[in-house]
Amino acid sequence: ALTWTRPDQPLAGRTPFPTEGTPLSPDGLPVVPRGRFRVVIDPGHGGPDPGAVGIGGLRETDVVLDVSLQLARLLQARGVDVVLTRTSEVDVDLPPRVSLANASNADAFVSIHANALSMSRPDVNGIETFYFQGGSSRSRTLAAALQQQMLAISPGSPDRGVRTARFFVIRRTVMPSALVEMGFVTGSLDSRRLADPSFRRRMAIALATGMLLYLQGQR
Ligand code: ZN
């Protein structure tokens, strides 16, 4: 069954974002017209499907849910309507994620993931973003905006590029869509970062920045 809600927790009362070493703060997020845009955020995996499991037992599902919920609140604070395909540790099949997105009349869709290779390859790190070439012509623009911002907060993590793929959620969604891989849970550099709550917060800010810059270009 598909369970989702629109998170409505206000930003007030939450721990302020750290500024030391943080290239971006929520205050500096790009501004878009309030109430003008709707975005679907798809935290990959969930529930009995933990996604990739990496160094120290770091689970993709935990990383992507945390970043996704923070991303949702950041976008909401900028007046963007947000639809999440899941808000807790539940498993949602791919077709209902796409159905929800396609029924939402959204301006953009982003699926949030972390990569994995083998536990014997901690040397492999990096960030990549996928789009479906046969979909909306704006998908590549969206993917590039997200990739650029993720790289900016991940020094030393290789740029694996903006690439085409045929993943179900980006192939079947009708609006501009992208799937981000925020790093390797099996990578020595990326996993240490993805396990760090302050890095995940910076990652959420980076993704919000990329999304808002993309939306600015769609006015
Ligand atoms: Zn994944």
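Residue numbers are given in my numbering: position 149 of the sequence shown equals residue 1459, and the series is strictly consecutive. Ideal Cβ positions, reconstructed from N, Cα and C, are used throughout, including at glycine. Bear in mind the structure is a predicted one, so any value in this text is a computation, not a measurement.
In this structure, glutamate 1438 has its CB at a distance of at least 7 Å from all heavy atoms of the ligand ZN. Taken from the Cβ of glycine 1354, at least one heavy atom of the ligand ZN lies inside 7 Å. It is roughly 14 Å from the alpha-carbon of serine 1409 to the alpha-carbon of serine 1421. Assigned with DSSP and collapsed to three states, valine 1341 falls in coil, not helix or strand.
Going by DSSP, isoleucine 1365 is part of no beta strand (DSSP E) at all; its letter is neither H nor E. Cβ-Cβ distances below 7 Å link proline 1336 to Phe1327, Leu1384, Ala1387, Ile1515 in the same chain, with the five nearest sequence neighbours on each side left out; the list follows chain order. Using a Cβ distance threshold of 8 Å, glycine 1356 and leucine 1375 count as a contacting pair. The Cβ neighbour count for asparagine 1435, taken over all protein chains shown within 10 Å, is at least 16; the residue is labelled buried. Counting only residues of its own chain and dropping the five nearest sequence neighbours on each side, arginine 1476 has a CB closer than 7 Å to the CB of Phe1442. Around the Cβ of asparagine 1425, a 10 Å sphere holds 16 or more other Cβ atoms; the residue is buried. DSSP places arginine 1510 within a helical segment (H, G or I) once states are collapsed to three. If the five residues before and after glutamate 1370 are omitted, its C-beta is found closer than 8 Å to the C-beta atoms of Gly1354, His1355, Pro1360, Gly1361, Ala1362, Val1363, Gly1364, His1423, Ala1424, Ala1426, Val1495, all from its own chain and listed in chain order. Distances from the CA of arginine 1407 to each of Val1341, Gln1457, Val1479 were compared; the closest alpha carbon is that of Val1479. Annotation for alanine 1362 indicates a beta carbon within 7 Å of some heavy atom of the ligand ZN. Here the C-alpha atom of leucine 1381 lies approximately 16 Å from the C-alpha atom of alanine 1453. For serine 1398, no alpha helix (DSSP H) segment is defined, and its DSSP state is neither H nor E. Taking a contact as a CB-CB distance under 8 Å, the pair valine 1350 and alanine 1411 counts as one, their CB atoms being some 4 Å apart. Judged by DSSP secondary structure, asparagine 1412 falls within the alpha helix (DSSP H) whose first and last residues are 1404-1413. Bounds of the alpha helix (DSSP H) holding isoleucine 1480 are 1478-1482. Listed in chain order, the beta strand (DSSP E) runs fully inside the segment 1433-1460 are 1437-1441, counting runs of at least 3 residues.
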